[in-house]
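Line by line, the protein sequences are chains A and B.
If you use the working numbering, the first sequence corresponds to residues 1 to 256, in order.
If you use the working numbering, the second sequence corresponds to residues 1 to 261, in order.
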Amino acid sequence: MSEVLLRLDDIHVRFANQNVLEGAQLQVHRGEIVTLIGPNGAGKTTLVRAVLGLLKPDRGQVWRKPKLRVGYMPQKLHVDATLPLSVLRFLRLVPGVDRARALAALGEVGAEHVIDSPLQKISGGEMQRVLLARALLREPELLVLDEPVQGVDVAGQAELYRLIGVLRDRYDCGVLMVSHDLHLVMSATDQVVCLNRHVCCSGHPEQVSSDPAFVELFGQDARSLAIYHHQHDHSHDLHGSVVTGKPHVHGPNCKH
Amino acid sequence: MPDFLLNALLAGLALALVAGPLGSFVVWRRMAYFGDTLSHAALFGVALGLMLDVNLTLAVTVGCVLLALLLVTLQQRQPLASDTLLGILAHSTLSLGLVSLSFMKDVRVDLMGYLFGDLLAVGPSDLAWIVGGSALVLLMLIPLWRPLLAITVHEELAKVEGLPVAGIRLALMLLIAVVIAVAMKIVGVLLITSLLIIPAAAAQRHARTPEQMAFGASVLGIVAVCLGLTLSWFEDTPAGPSIVVSAAALFLLSFAWPKRA
Numbered sequence: 001m002s003e004v005l006l007r008l009d010d011i012h013v014r015f016a017n018q019n020v021l022e023g024a025q026l027q028v029h030r031g032e033i034v035t036l037i038g039p040n041g042a043g044k045t046t047l048v049r050a051v052l053g054l055l056k057p058d059r060g061q062v063w064r065k066p067k068l069r070v071g072y073m074p075q076k077l078h079v080d081a082t083l084p085l086s087v088l089r090f091l092r093l094v095p096g097v098d099r100a101r102a103l104a105a106l107g108e109v110g111a112e113h114v115i116d117s118p119l120q121k122i123s124g125g126e127m128q129r130v131l132l133a134r135a136l137l138r139e140p141e142l143l144v145l146d147e148p149v150q151g152v153d154v155a156g157q158a159e160l161y162r163l164i165g166v167l168r169d170r171y172d173c174g175v176l177m178v179s180h181d182l183h184l185v186m187s188a189t190d191q192v193v194c195l196n197r198h199v200c201c202s203g204h205p206e207q208v209s210s211d212p213a214f215v216e217l218f219g220q221d222a223r224s225l226a227i228y229h230h231q232h233d234h235s236h237d238l239h240g241s242v243v244t245g246k247p248h249v250h251g252p253n254c255k256h
Numbered sequence: 001m002p003d004f005l006l007n008a009l010l011a012g013l014a015l016a017l018v019a020g021p022l023g024s025f026v027v028w029r030r031m032a033y034f035g036d037t038l039s040h041a042a043l044f045g046v047a048l049g050l051m052l053d054v055n056l057t058l059a060v061t062v063g064c065v066l067l068a069l070l071l072v073t074l075q076q077r078q079p080l081a082s083d084t085l086l087g088i089l090a091h092s093t094l095s096l097g098l099v100s101l102s103f104m105k106d107v108r109v110d111l112m113g114y115l116f117g118d119l120l121a122v123g124p125s126d127l128a129w130i131v132g133g134s135a136l137v138l139l140m141l142i143p144l145w146r147p148l149l150a151i152t153v154h155e156e157l158a159k160v161e162g163l164p165v166a167g168i169r170l171a172l173m174l175l176i177a178v179v180i181a182v183a184m185k186i187v188g189v190l191l192i193t194s195l196l197i198i199p200a201a202a203a204q205r206h207a208r209t210p211e212q213m214a215f216g217a218s219v220l221g222i223v224a225v226c227l228g229l230t231l232s233w234f235e236d237t238p239a240g241p242s243i244v245v246s247a248a249a250l251f252l253l254s255f256a257w258p259k260r261a
């Protein structure tokens with residue numbers, strides 16, 4: 001197995017007396033694409049924030065390879081309309097970037113044509129590519145992508161996932177991404193981590209999609225559906241705590 | 001040109017120069033009300049300075065910084081929205097300043113001067129503080145420029161990329177506090193924010209880069225100071241408000257100017 005870039009163990013996070021994460025664990029190796037999937041409120045973004053060091057877990061360990069260079073692509077970017085900023089200037093906020101390097105990075109993601117456009121004038125798909133280019137300018141060992149295909153049409157989504165695979169090979173970096181979309185992700189990833197406050201199941205896509213815990217979490221149709229269904233393996237009461245009664249199905253990788 | 005007018009002009013120009021880039025950040029980061037709150041607190045700083053008999057510019061700077069820290073603490077500790085907190089702090093510190101000043105019977109205080117500025121009374125030592133303070137802020141802005149832009153665009157991205165976001169935000173608050181202390185003599189605590197945001201807002205429509213907007217704001221501020229002082233000289237109008245009126249006129253004119261394609 002190649003070098004471990006990132007290891008999270010037994011992560012617990014509480015917000016306002018709500019358990020957001022209860023003992024989640026995660027590993028990313030160099031050259032590996034790991035995708036976090038799970039329903040809304042499963043703690044995907046929280047786990048990513050812990051990975052990035054933006055949030056300190058209440059309990060548990062976050063280990064990063066020393067001096068790990070992380071390229072981060074946020075879910076969305078809102079720049080105030082009064083700030084006149086071109087795509088080039090946005091990319092040059094990364095120290096040591098000149099026009100040639102910015103153009104090269106935009107070339108890798110297929111967005112050279114927007115280099116001189118104002119950041120507020122480009123389309124959603126172009127914005128995702130620009131954000132990816134900015135992450136690449138950091139020469140990342142680990143790419144962290146929070147819902148990278150948000151606001152992109154279906155054809156563009158497949159193209160973006162393909163691009164992420166190409167970039168992984170070229171940079172030999174690890175990729176950790178969050179996604180809502182089951183179908184496209186399954187074909188574009190090495191490792192799927194199914195999160196619902198804890199890791200319900202994880203493994204290779206084929207393995208996971210036949211896992212009873214996965215089927216429980218996403219429903220029987222999940223494998224053939226491109227559009228994500230909200231189906232929990234449990235229900236919540238008004239206070240958000242899990243209603244017991246219906247047993248949770250443990251998968252082979254279930255760690256609790 | 002008489003000395004007092006030359007002093008006034010130099011003080012106004014120094015402030016306009018530094019208000020351009022700093023005001024641009026106030027506009028981009030939507031801190032107009034924050035600046036207003038700090039400047040209202042400046043009067044409390046004046047009262048403290050008189051009470052403790054220390055340099056007023058220093059007292060005002062320290063007062064503004066303390067208020068900024070108090071605000072950050074309050075924002076984290078309780079659920080009231082920021083604009084409510086700012087409103088509470090702005091008016092209570094202004095009132096606290098006025099009340100404290102009224103207790104100092106033996107100190108002759110020109111209240112109007114503090115509220116609306118007393119540019120034509122700027123003496124050589126005031127001028128030294130104003131030029132020195134402005135130069136300090138401009139010098140500090142040079143290394144801070146790119147980090148400030150980075151956190152304005154996306155704070156978490158900047159943090160992941162290794163920038164000390166909290167420190168940079170604090171530095172920006174400090175710079176604004178210094179400019180408020182400097183500007184108080186020129187336009188007074190009630191009008192300071194206008195000098196930060198009006199030139200920046202006027203420059204915004206025609207700027208294509210952050211630097212163009214900052215530089216344009218400085219130029220427009222300088223023009224506003226010259227126009228305001230001219231108005232004040234010939235028509236005997238109050239100098240500070242005349243500068244603000246000139247700046248507002250330039251802002252309106254910026255709409256008449258055709259926008260570049």
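Note that the Cβ used here is the ideal one computed from N, Cα and C, for glycine as well.
Who are the neighbours of residue i on chain B, taking C-beta pairs under 8 Å?
i	result
Val-287 of chain A	Outside the modelled stretch of chain A, which goes from 1 to 256, sits residue 287 of chain A, for which no answer is possible.
Val-94 of chain A	Glu-161
So which residues of chain A does residue i contact, with C-beta pairs closer than 9 Å?
i	result
Glu-156 of chain B	Arg-49, Leu-52, Leu-54, Tyr-72 and Pro-74
Arg-146 of chain B	Arg-92, Leu-93 and Pro-95
Tell me whether residue i is buried or exposed, calling it buried when 16 or more other Cβ atoms sit within 10 Å of its Cβ.
i	result
Ser-102 of chain B	exposed
Lys-259 of chain B	exposed
Leu-31 of chain B	According to the sequence shown, residue 31 of chain B is Met rather than Leu. Buried, since its Cβ has 16 or more Cβ neighbours within 10 Å.
Leu-68 of chain A	exposed
Trp-28 of chain B	buried
Ala-81 of chain B	exposed
Arg-259 of chain A	The structure shown does not extend to residue 259 of chain A, since chain A is modelled only from 1 through 256, so no value can be given for it.
Ala-256 of chain B	exposed
Lys-246 of chain A	The predicted position of Lys-246 of chain A is uncertain, since its pLDDT is 47 and thus under 50; no value can be drawn from it.
Pro-39 of chain A	buried
Ala-128 of chain B	exposed
Val-189 of chain B	buried
Arg-138 of chain A	buried
Gly-45 of chain B	buried
Asp-36 of chain B	buried
Arg-162 of chain A	exposed
Glu-147 of chain A	buried
His-40 of chain B	buried
Ile-142 of chain B	exposed
Asp-106 of chain B	exposed
Leu-142 of chain A	buried
Mind listing the chain A neighbours of residue i? Cutoff is C-beta to C-beta under 7 Å, in chain order.
i	result
Lys-159 of chain B	Leu-54
So residue i contacts chain B; which residues on that side make the cut at Cβ distance below 7 Å?
i	result
Arg-138 of chain A	Glu-161
Taking the alpha-carbon positions, what's the residue i to residue j distance?
i	j	result
His-154 of chain B	Thr-193 of chain B	25 Å
Arg-14 of chain A	Leu-21 of chain A	7 Å
Gly-20 of chain B	Ala-202 of chain B	11 Å
Val-219 of chain B	Gly-71 of chain A	39 Å
Met-264 of chain B	Ala-248 of chain B	Missing from the structure shown is residue 264 of chain B; chain B here goes from 1 to 261 and no further.
Ile-151 of chain B	Leu-103 of chain A	23 Å
Ser-187 of chain A	Glu-112 of chain A	27 Å
Val-48 of chain A	Val-109 of chain B	57 Å
Val-60 of chain B	Leu-96 of chain B	14 Å
Leu-71 of chain B	Ala-177 of chain B	13 Å
Asp-126 of chain B	Leu-6 of chain B	13 Å
Gly-133 of chain B	Ala-181 of chain B	9 Å
Rounded to whole angstroms, how far is the Cβ of residue i from the Cβ of residue j, which I believe are closer than 8 Å?
i	j	result
Ala-16 of chain A	His-198 of chain A	With 8 Å as the limit, Ala-16 of chain A and His-198 of chain A do not qualify as a contact, their Cβ atoms being about 19 Å apart.
Gly-49 of chain B	Gly-240 of chain B	Going by Cβ atoms, the distance from Gly-49 of chain B to Gly-240 of chain B rounds to 20 Å, so no, they are not a contact pair.
Leu-5 of chain A	Lys-44 of chain A	Contact doesn't hold; Cβ gap of about 19 Å is too wide.
Ala-200 of chain B	Met-213 of chain B	7 Å
Gly-31 of chain A	Gly-174 of chain A	7 Å
Thr-84 of chain B	Leu-67 of chain B	16 Å between Cβ atoms; not a contact.
Leu-77 of chain A	Leu-195 of chain A	Not confirmed; about 24 Å, so no contact.
Leu-195 of chain B	Gly-228 of chain B	At roughly 10 Å, the Cβ-Cβ gap does not stay under 8 Å, so Leu-195 of chain B and Gly-228 of chain B are not in contact.
I want to verify the contact list: residues of chain A whose CB lies under 8 Å from the CB of residue i, in sequence order.
i	result
Gln-204 of chain B	Thr-82 and Pro-84
Trp-28 of chain B	Asp-80, Thr-82 and Leu-83
Ala-150 of chain B	Leu-93
Thr-209 of chain B	Pro-84, Leu-85, Ser-86 and Arg-89
Anything in chain B within Cβ reach of residue i, meaning under 9 Å, just list it in chain order.
i	result
Leu-77 of chain A	Val-153, His-154 and Leu-157
Original post:
Looking at chain B, which residues of the stretch 13-42 of chain A have a Cβ within less than 9 Å of any of its Cβ atoms?
Top reply: Within the stretch 13-42 of chain A, contact with chain B at the beta-carbon level (separation under 9 Å) is assigned to no residue.
Subject >> Interface positions of the stretch 168-189 of chain A facing chain B (Cβ-Cβ less than 9 Å), listed along the chain >> reply: none
**OP:** Quick one: which residues of the stretch 211-241 of chain B get their C-beta closer than 8 Å to a C-beta of chain A? List them in chain order.
**Re:** Gln-212 and Met-213
**OP:** Could you list the residues in the stretch 109-130 of chain A with a C-beta less than 9 Å from some C-beta on chain B, going in chain order?
**Re:** Pro-118 and Leu-119
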